[in-house]
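Residue numbers (this note's numbering), protein chains in the order written: chain A, 1 to 907; chain B, 1001 to 1907.
All residues carry an ideal CB built from backbone N, CA and C; glycine is no exception.
Note sheet for the following structure.
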């Protein structure tokens, strides 16, 4: 590497004495598991395994600082790296008794990327690097297996050409397929050494044809090409998309791991496999995994051959006739068992490991925290806490609250009638129904339009990430429990059935044939990822319950969280569900949802169409008993807990029909004319209803509506209190306040009604009157508003809309451009925009507390169910969050994690 | 008055030693002109006139503190007041040689309200108080004129009953009218003493019938009733409305002036009148006014009898055959001339005075700064400055910038064909066309719906204030230049023709007959308030020019203002008008307005309907030369001055047709189908377009539009610079920025195009790229945005919409409720909401300057033309305001006043 004037900062700081390369192997290593930032996850864990004395092929890690220096320095590798890499290769060669590029004892290496976080979409792996026309012969000689040597060489050419040189791997697969057809072979194992030699020639020709230059025979060119490809792939589009979706900073960089090759394809005493130290689907403490005899690692992950079970128990359970590793190689299996126990003891978490057996000797290639289903995450966290491996608080931190969501959504009803059309593997639990779509772009598009989608693929690849993300469920016809589809779906919490081999897919015609049915794009199916079943059409689902491990963990969470958790619930059903999920009250009851019932909407429309206040009062008198009954039931269900009821919020035109046919029908029912109805609808039409005559503005114009609602609330509170004998805590919430004067005018009316009801019923009412803080002006004037408002509930949906000047309903058309161009890291309607919206919320909190120090503060926007937003709500000192009923357990856990994180940061 | 426990704060502070009453008369007074706050305007000026030795009937003022105490103390008058009033009455009686209630020499008084600011709608005046069945005889005796005594009594009964007791004055007018009919009289002067005695009886019966109790004979009951009525009227609805419209605080309160009566109706040597020390219409330095012989003051103001001129010159000018005051009573006239010169010297402003002549003796009843037209205001300010009476800077402060607006709106084109239907008095200058409406409620309603209205009334009263405010012009058939209609219209800057006596109005049929034409409600007329002409239909108008006094004053203003003034101009015509009005550049050129020309809209629609970027680019290529030509012309007109061009802002659907017929037409013209067009229109439809896909969001999705506009701007700048030889200062403004990333993405594209154009044309471009700050988030993130944005223009229209969550287009339906209920003191779209919107603007300024200390800061919302908002913009340190072209002179004056006010406050 030539040193030039435009030396990067990293270089300057590190100087030529910088340590760019960390060695590992032979029971010692330069690094440790704690050095993830510098060495990446894979590199740090390889070093740690070496330190633990586990059998790790020797190698070295090029640090993430090199990646940063590479980009800071105009995509040039830093000075001094080459010398250190050469030293690393020398050490590795010395350990295994071979030399990189040597004609007799050539060292072959793997080159793998490895960032702090695992990242599909990056250049992943090149195996067998160091092979060329000369060294392949030495390998043949040394291994005594010429066929193996050329098979390895052709694998290397394909892999290296694909990921380093950019030659599409399909070209090589086509050549191989074509060769087999011409020569009457069906399996790779049918091919002889001559076949592979001949194919190596064809592969090299293909590369030269595609690139205009030959496949590199210079092994150093190979090596630096691969290193450059790893660093280059850090900035490819898939990697950038993944980072954006998972909030991984661009400046983390990736490390490169270079390691002596070990071979799982050296015959029947060799193998390769992946394993989890506990069952990643159920969390049960059992060795779980798959292996393939005489194969290289990518054969397992790619899901092309169906692998064998590790344990006898697993083999028996699925009724496989191929032997387990336990039976096939009992000594290796015993060693492996000891290894995984050591790893769990060291890492105090379930590990996902890759291993290779070369000629009966076990080699550990990787260990990392294993991805797991929500159910498994709960089980593992609780088991480990009970085993004494981790504390209860650590257990709380081990479960991703968002992942729990999958346990909180409907499952197939056991009593439902099901039409099974195929079986596959239960790759990711939960069930989903949707329209089938065969490619990821279309899945994303249709899901964006609000459709439920099941993404159906033969197999998935990193190119499908966006489609899997958009889909409600995933179905593949190939691949095992550790295939790409299965791993990614579990991570995302999407139900997935993988390897449903009986299904035939025709991408071109956009059809699939399953169970004798031909289904075309848009036909609906249901996937049950817990059972591995594919069902025709939609199937009845059952509501989840908060029991078992889930209840245990959430119970632990409740002990540490400070933030209260309430639910947004408008109906008795929602309210009951909320209580079951542990909500500590209702934080938002939207009364307008009560207006749409068939018999009510008529009275509501009468009210809207009335010519004057007297007419409106007549109609409101009809609505009063119905509203009162609603509230009475809610208060009874939530007995002893606070219930926040928001006064009517939407503009009145939402209650009137707009279509011609419906207009006629309603006019008839109302005893009015279509003309009058149309006139009123037209009169209520607004350019920007979100910013129109709604919220407290309706109440200012039609105070009689507020009076009716206040009366219904207070009469219901009196009745429910009497009936349940438990105190009713009614919180009357005025929406869309921009000025204190608005609030005061309405508060006075509400208090007057309360006084009246207390007098009439003789019941003392326990109530408060507060407001939504959902406009920038309300945040700024929170000090004035809090002089009379007894509580604030931050409505961050509308606040986000006004702070950004962005309509949630309309933003879908360009939100994709915004995330693609990196303008929004996260959709601000999903995770709260801490810098903008958040600053106003914080202003609102500070000013509200200035004039009313003990003011009760909550949030009821959809952000209240988003874990990162919940952490923010905790940090800024809100009293509670109020989210959708199904998010309540998620919020309880997230609130606990926020409290623990804060404690950790403080200690 | 009984003292009770709930003593008000004012009482407590003032104690029983408080001075509630201030005396004046006989060349001395307790008060001075400077004591307006305490004595009200009228009281302070009466005191001042007494101090100046002018002939003022003796009297006293009950202070405004009494009014405040009255309301603070549950509408009870404070302790100690009665004693002081009695003392005042004694002093007055002593001075004039009579005693209140005395059977031989009874003192009669007037009772008048008088706040700090004149306020129509309040109880105004009761004259002749102190008359009852007993004292009337004494007055008859003493004056030797029994007819006068009973005429005065009946006037008193009517006035006192109306304003103090609440008996409608129409009832008395009906009795009088009826009496005259029955007895064959037509004029009041036909009535004999017996007639008046008989009418007094009927009036008293009427009061007893209406109230159930007799008209009070107790003169103290009369007096305290009148005092109570003044204080009570402070909180009546008309007064409250007026205060709201004129931003008069509720806690100012009003004073009460009680003064010995002098009589202008004691025969032919008595008279009463009003005068201005300069002409209030033109500003010319000449005595201007009217008087009536043998009349009381209200006869002049009410406009029931047509008054005579004060001077011979005025009489000759209007060709009146009744003598002037100058001719009729030369000595009084000479004294009056001396008085008015003394007043101007003292007050250094044009005065509006009321006087009475009793038996040949002049009495001054009131002086105050006279209301004047904009033209007169300018002339008087400049004349007084040139006379050395005031400084140039005082002259600047003397003219209300908003009033200037009337000079800046179209006048009747002298060459226009006119169909004259009536002549009246030129009561308030300027011309307006509109639909005629006969009542004020309807005028307000129709104007609220966007109609141009001419309010037509026989005469106006304080009940008509809201209708006059809403109307474009006012026409009355009765009343002089100082009638209610004339005075109020001049104050509001509405064109007004008063006293057009040939017009007959039928309120019931809602028609007017004028010049042989019968016009019904909704028919259009034009009023020319400068000429006193009523014209049929709409008449061509001429643009105003900035010349003469106007130019002089604005020139003075320019010497003191700090704030720059630019114009919002989209067309060459606007740009030229702006320059004529002294704009120092264009602060906002809305490019979308250029898209609607007939030949352009087709290309714009092609662009919108294109299926892909390539298609859009083809259409944009057609628009480019047109946009370039627009910009070239603008740059040429504004040569040497900055021109801020905002990139395309509105959502694309605004450019597509929506009606079925138009859709077909456009589809035909575009060579596409109605279906495709409808599909695209539907696809672009938004729920809340204000918060939708517009502003920079369009540019993010369709950067090719930005590129076209940037190219057009830069190519135009190069061409215009070459042609004019003057530097072009192009400011490219990106709208609706919420994040720095949006701005940076677009700025990079704009800069790239500038680089390209500089290279191609070889011209060095002088340009900057900045942004509108019109979203709350942009204000909060102004520090980040200013890192790359070179200027900010605060778009306070959209900022007000988002800060309040209030759509300007939709707020009309409830804004009236909001102002009526005191939620909005001023419409926040008219005057900037300093507390809410303003705080965010100030945050934006502070943060913007933090990262870019010299950043150029302006405002381009409609607030930029509102004087109070301009004062605010000055205070918070903006560099310039940019308003509509016609508001430019208003803004220049307001900016100067802001600078002077700041200097005064600092000194």
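Reduced DSSP secondary structure (H/G/I, E/B, other) of residue i
{"i": "residue 1833 of chain B", "result": "coil"}
{"i": "residue 888 of chain A", "result": "helix"}
{"i": "residue 1739 of chain B", "result": "coil"}
{"i": "residue 1860 of chain B", "result": "coil"}
{"i": "residue 1012 of chain B", "result": "At residue 1012 of chain B, the pLDDT of 39 sits below 50, so the modelled position is not reliable; the number obtained from the coordinates is stated separately. Reduced to three states, the DSSP call for residue 1012 of chain B is helix."}
{"i": "residue 425 of chain A", "result": "strand"}
{"i": "residue 52 of chain A", "result": "coil"}
{"i": "residue 554 of chain A", "result": "helix"}
{"i": "residue 1904 of chain B", "result": "helix"}
{"i": "residue 1 of chain A", "result": "Annotation note: pLDDT 38 at residue 1 of chain A (below 50); position unreliable, no value reported."}
{"i": "residue 869 of chain A", "result": "helix"}
{"i": "residue 1124 of chain B", "result": "coil"}
Closest by C-alpha distance to residue i, when choosing among the options
{"i": "residue 1424 of chain B", "options": "B/1254, B/1535 and B/1580", "result": "B/1535"}
{"i": "residue 179 of chain A", "options": "A/487, A/198, A/223 and A/163", "result": "A/198"}
{"i": "residue 1477 of chain B", "options": "B/1527, B/1522 and B/1127", "result": "B/1527"}
{"i": "residue 397 of chain A", "options": "A/183, A/867, A/876 and A/885", "result": "A/867"}
{"i": "residue 1796 of chain B", "options": "B/1735, B/1704, B/1853 and B/1292", "result": "B/1735"}
{"i": "residue 1675 of chain B", "options": "B/1635, B/1661 and B/1600", "result": "B/1661"}
{"i": "residue 1645 of chain B", "options": "B/1593, B/1609 and B/1614", "result": "B/1593"}
{"i": "residue 1928 of chain B", "options": "B/1344, B/1243, B/1374 and B/1093", "result": "Coverage of chain B is limited to positions 1001 through 1907, which leaves residue 1928 of chain B absent and any answer about it impossible."}
Beta-carbon proximity of residue i to residue j, cut-off 7 Å
{"i": "residue 1828 of chain B", "j": "residue 1851 of chain B", "result": "no"}
{"i": "residue 310 of chain A", "j": "residue 275 of chain A", "result": "yes"}
{"i": "residue 1899 of chain B", "j": "residue 1561 of chain B", "result": "yes"}
{"i": "residue 1260 of chain B", "j": "residue 1043 of chain B", "result": "no"}
{"i": "residue 1262 of chain B", "j": "residue 1363 of chain B", "result": "yes"}
{"i": "residue 121 of chain A", "j": "residue 209 of chain A", "result": "no"}
First and last residue of the uninterrupted beta strand (DSSP E) at residue i
{"i": "residue 363 of chain A", "result": "361-369"}
{"i": "residue 1528 of chain B", "result": "1524-1528"}
{"i": "residue 1567 of chain B", "result": "1564-1568"}
{"i": "residue 792 of chain A", "result": "791-794"}
Whole-Å CB distance - residue i paired with residue j, under 8 Å assumed
{"i": "residue 96 of chain A", "j": "residue 58 of chain A", "result": "6 Å"}
{"i": "residue 731 of chain A", "j": "residue 791 of chain A", "result": "6 Å"}
Extent of the continuous alpha helix (DSSP H) to which residue i belongs
{"i": "residue 1393 of chain B", "result": "1392-1398"}
{"i": "residue 225 of chain A", "result": "219-233"}
{"i": "residue 82 of chain A", "result": "81-96"}
Closer than 6 Å: residue i CB and nearest the ligand MG heavy atom
{"i": "residue 407 of chain A", "result": "Among the components of this structure there are no ligands whatsoever, and the ligand MG is therefore not found."}
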